[in-house]
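Participant: Residue numbers (the working numbering), protein chains in the order written: chain A, 1 to 390; chain B, 1 to 390.
2 protein chains.
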Amino acid sequence: MHDISKASFRLSDEQRIDWLRLIRSQNVGPRTFRTLINHFGGARAALEALPGLARRGGAAAPKICSRQDAEREIAAAKRRGIALVAMGEADYPQRLAMIDDAPPLISLRGDTAALTMPLIAIVGSRNASAAGIKITQMLTQGLTAAGFAVVSGLARGIDAAAHRASAATGTIAVLAGGQDKIYPAEHESLLEALLGNGVALSEMPLGWEPRARDFPRRNRLISGLALGVVIIEAAKRSGSLITARLAAEQGREVFAVPGSPLDPRAEGTNGLIKQGATPVTEAADIISVVEPIMTRPISGQSLSFGSPDGELCEPGSGSELGSELGGEPGAEPQADERARIVGLLSPTPVSLDDLVRLSQSSPRAVRMVLLELEIAGRLERHGGGLVSLI
Amino acid sequence: MHDISKASFRLSDEQRIDWLRLIRSQNVGPRTFRTLINHFGGARAALEALPGLARRGGAAAPKICSRQDAEREIAAAKRRGIALVAMGEADYPQRLAMIDDAPPLISLRGDTAALTMPLIAIVGSRNASAAGIKITQMLTQGLTAAGFAVVSGLARGIDAAAHRASAATGTIAVLAGGQDKIYPAEHESLLEALLGNGVALSEMPLGWEPRARDFPRRNRLISGLALGVVIIEAAKRSGSLITARLAAEQGREVFAVPGSPLDPRAEGTNGLIKQGATPVTEAADIISVVEPIMTRPISGQSLSFGSPDGELCEPGSGSELGSELGGEPGAEPQADERARIVGLLSPTPVSLDDLVRLSQSSPRAVRMVLLELEIAGRLERHGGGLVSLI
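1) Going by beta carbon distance, what residues of the same chain come within less than 7 Å of S351/A, once the five residues before and after it are set aside?
2) On the DSSP bridge list, what partners appear for S388/B?
3) Counting pairs of beta carbons, one from the segment 241-254 of chain A and one from the segment 220-236 of chain B, are three or more of them closer than 8 Å?
4) Got a sec: which bits of the segment 266-277 of chain A sit with their beta carbon under 7 Å from any beta carbon on chain B, in order along the chain?
5) Quick one: what's got a C-beta closer than 6 Å to C65/B's C-beta in the same chain, skipping five residues either side?
6) Which runs of the alpha helix (DSSP H), 4 residues or longer, sit entirely within the segment 55-98 of chain B?
7) Can you pull the chain A neighbours of V257/B, defined as C-beta to C-beta under 7 Å?
8) So is E328/A buried or exposed if we call it buried at 16+ other beta carbons inside 10 Å?
9) Enumerate, from N- to C-terminal direction, the unbroken alpha helix (DSSP H) stretches of 4 or more residues contained entirely within the segment 161-208 of chain B.
10) Which same chain residues end up closer than 7 Å to P184/A when comparing Cβ atoms and leaving out the 5 residues on each side of it in sequence?
11) Skipping 5 residues on each side, what residues in its chain have a beta carbon closer than 8 Å to that of T348/A?
12) Can you check DSSP and say which residues form a bridge with V290/B?
13) Let's test the definition: count the other Cβ atoms within 10 Å of the Cβ of T140/A and tell me whether it reaches 16, buried, or not, exposed.
14) Thinking C-alpha only, which one of N127/A, W19/A and A168/A is nearest E71/A?
15) Helix, strand or coil for E233/B? Go by DSSP, reduced to three states.
16) Taking the beta carbon of R218/A as the centre, do at least 16 other beta carbons fall within 10 Å, making it buried, or is it exposed?
17) Around the Cβ of A378/B, are there at least 16 other Cβ atoms within 10 angstroms (buried) or fewer (exposed)?
18) In angstroms, rounded to a whole number, what distance separates the CA positions of I232/A and G251/A?
19) Between the segment 192-208 of chain B and the segment 109-116 of chain B, do at least 3 Cβ pairs fall closer than 8 Å?
20) DSSP three-state label for A277/B, please.
21) Taking the C-alpha atoms as reference points, what is the distance between R367/B and A54/B?
22) Throw me the rounded Cβ distance for the L227/B and L119/B pair, which I believe falls under 8 Å.
23) Against T281/B, what residues of chain D qualify as contacts under a CB-to-CB distance less than 7 Å, listed in chain order?
24) Given that a residue counts as buried once 16 or more other Cβ atoms are within 10 Å of its Cβ, and exposed if not, what is S12/A?
25) Between S361/B, D353/B and V356/B, which has its C-alpha nearest P333/B's C-alpha?
26) Between M117/A and G170/A, which are expected to be in contact by the criterion C-beta below 8 Å, what is the C-beta distance as a whole number of angstroms?
27) Which class does I282/A belong to by DSSP, given the choice of helix, strand or coil?
28) Write down the C-beta distance between T136/B and I158/B rounded to the nearest angstrom, noting that I regard them as a contact closer than 8 Å.
29) Can you tell me which of G343/B, D285/B and E372/B puts its alpha carbon nearest to the alpha carbon of S359/B?
30) From V151/B to P261/B, what does the alpha carbon distance come to, in whole angstroms?
31) Is the distance from the Cβ of P258/A to the Cβ of A266/A below 8 Å?
32) Taking the CB atoms as reference points, tell me whether A76/A and M87/A lie closer together than 8 Å.
33) Pop quiz: R403/A and R357/A are said to be a contact at Cβ under 8 Å. What is the actual Cβ separation, rounded to whole angstroms?
34) For P297/A, which option in L84/A, A43/A and Q94/A has the closest C-alpha, if you only look at C-alpha atoms?
35) Could you give the DSSP three-state label for E253/A: helix, strand or coil?
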């Protein structure tokens, strides 16, 4: 057994193709990917199991990413100098690996050294004021002088100001689309300028045009990479507040720059401070909070793989992932048991514990039925471990 | 025994003259007044004891306010429609009576009904911005609509805006000088306009021109009257921050309006928020915090007087004040004991406990020697019960 966070692990070319195929297949997100890998012992076996899972979940086979498509993506990335890095490999950021829904593969372009520095995320309004830009520069300079690199989302306004002010020392742009689909397009040249001392990171395939829903999804990576997230100028119900919420859920520190009650661009940040975010007026306010965290070893949901030679873990290996489907290998649930569990589900979210109790099935059987429904595209997972039918 | 906070108490004319003489005498502040009254059983006996206390403390007799001067002040106040109200009397604000150094007598002019409303203090920069004035109006209107009266210091800027916005419903102006020495002089007409639904409060004699040091002293009354203090626009090291500190020491809620890190007038308020003050952007933020406090009975250092017929308490009556000089009546400290205690004092602040331990004297003896030194003008009292020689 070795700890994924120790990064002594490297996928073979074949494994990388299988991992990419699995995460690019329909109805397989980062959480399902983990469950599948741990249950079936590897991506290849999981790929082979997908049609059967979907069928038992009540749907036709999901669209599975072909070997050809995966090879094409890997080749295209290589031509563009983009690395496809798997969770657990040396260049995969350790802190990011600890979040619940860490992407199994990320694409990296630029100088990955920035990812080894202590990271602070700075995000805020696209429609930033001159004062907001100035504060962003001031805080970023204070952070970079203290040895931090800065993570942001390459958006207009605060994000761009944070990237520019950390371009010389280390900056990480997390993309909502593919590495070749920069949003906004006008920031393509800015991104190129950042890559000398920085890196662009994406979990999406080349050619992926970011949709509106990809931005909140991307925001979990911004906060997941960092020790803490600083919000500068955020109106009510803005994307920056989503990042703040995700950061808090991930156990990251949340910082907010206060502003006048008369300034609509301060409504979000003042609201965060009222909810307990640390108010920030200078970089020292951030550093004093995160410094004690930096010296602690990164921990949390540390993932273990089953065998020392790089093979993926077996079901029931005792790792946290393995335990997701229960410790003991065994037969699939019988049809009547499956029907009983599915019958308990509805569009109203319900907890796994309730399902186990009401179905009188084993947690393992319930989890397997949920996985089948998920692959069939019929299950939605909510916060707090709740699930509902779509 | 009856509780002073029940306000069933009224001084006789003779007692009022004695109280006024005692508090207007040299080296007698509110705390010393309490100690004297409790030790000697009344203001008359305390006045008679002052020369002896000062002599034993190593000084000539302090300047004692003459009966004639006290009668003149009372008559002048009466002519101007000013009431001299003693702690414990009906018009003395109950919450103010609970602070450590509550003035034994206050002068009130105007409509004292405002003092019976739930009170919030609003203070801030004299050099207020237009935005600061607007926020002050907004918060004040929200508070008055919810039934609160507003306490402030009649200064230019935020204070004046808070008074004006609460003029129609109830406002309390706390003065640093006498009732006839309004500062700034340009606010005399403003104050007159406030008195229809408001009151001017001072602990200083008529004719007293406020000195610089009278303003911080006055600020303890602003916070002491209120459930909480709202600071709007305060630079570093401003008087408003003194009020915030006093409020915290008095157990009052501290509220601060956030502002941009680039706005020097927000440095003080942002600093308060960093230290734990409640951030405020709307009146509801204040009301939700103080509402639970309002419904609790006012308590704290509740003072009892010794006899039911309005006589002042005896030494050793068992009240908290009585206990200040120890429970048991007894002889004054002997000369050698006094010399030993005085010998332990220096300009470096030291605690009463340390003095008792090091002198091997009784707490009562140490307190008596400190009182003598105080009346002699040789003792300075600091926060946390520390004392030093001047």
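We put the CB at the ideal spot given by N, CA and C, even for glycine.
Facilitator: Concretely, from the data shown:
1) By the criterion of a C-beta distance shorter than 7 Å, S351/A is surrounded in its chain by G385 and L386, once the five residues flanking it on both sides are discounted.
2) In DSSP, S388/B forms a bridge with E380/B.
3) The segment 241-254 of chain A is not in contact with the segment 220-236 of chain B.
4) Going along the segment 266-277 of chain A in chain order, one finds N270, I273 and K274 with a Cβ nearer than 7 Å to chain B.
5) Same-chain partners within the cutoff: R21, R24 and S25.
6) The segment 55-98 of chain B contains these whole alpha helix (DSSP H) runs: 67-79 and 94-97.
7) The answer, in chain order, is P261.
8) Only weak support is given to the placement of E328/A: the predicted model assigns it a pLDDT of 44, under 50, and the question is left unresolved by the model.
9) Runs of the alpha helix (DSSP H) inside the segment 161-208 of chain B: 188-194.
10) Excluding its 5 nearest sequence neighbours in each direction, P184/A has C-beta neighbours in its own chain below 7 Å: R156, listed in chain order.
11) By the criterion of a C-beta distance shorter than 8 Å, T348/A is surrounded in its chain by S388, once the five residues flanking it on both sides are discounted.
12) In the DSSP output, where bridge partners are listed per residue, V290/B has none listed.
13) Answer is buried; the Cβ neighbour count reaches 16.
14) Nearest option by C-alpha distance: W19/A.
15) Looking at E233/B - three-state DSSP - the assignment turns out to be coil, as it is neither helix nor strand.
16) Classification of R218/A: buried, given that the 10 Å Cβ count is 16 or more.
17) First, the residue type needs correcting, since residue 378/B is Arg and not Ala in the sequence shown. Per the 10 Å Cβ criterion, buried.
18) For I232/A and G251/A, the distance between alpha carbons rounds to 20 Å.
19) Output reads yes: the segment 109-116 of chain B touches the segment 192-208 of chain B.
20) In the displayed model, A277/B falls within coil according to three-state DSSP, outside both helix and strand.
21) Linking R367/B to A54/B through their CA atoms gives a straight-line distance of about 14 Å.
22) About 6 Å separates the two Cβ atoms, so the contact holds.
23) In summary, chain D is missing from the structure at hand, where the protein chains are A and B.
24) Flag for S12/A reads exposed.
25) With distances taken between Cα atoms, P333/B lies closest to S361/B.
26) With a Cβ gap of about 5 Å, M117/A and G170/A count as contacting.
27) The question names Ile, but residue 282/A in the sequence shown is Glu. Three-state DSSP puts E282/A in coil, outside helix and strand.
28) Right, their Cβ atoms sit about 5 Å apart.
29) For the residues G343/B, D285/B and E372/B, the minimum Cα distance to S359/B belongs to G343/B.
30) Roughly 28 Å separates the two Cα atoms.
31) Yes. Within cutoff.
32) It is not a contact, given that the beta carbons lie outside the stated cut-off.
33) In the structure as shown, chain A begins at 1 and stops at 390. Residue 403/A is therefore absent and cannot be evaluated.
34) Checked all of L84/A, A43/A and Q94/A; the closest Cα to P297/A is Q94/A.
35) DSSP places E253/A in strand when its eight states are reduced to three.
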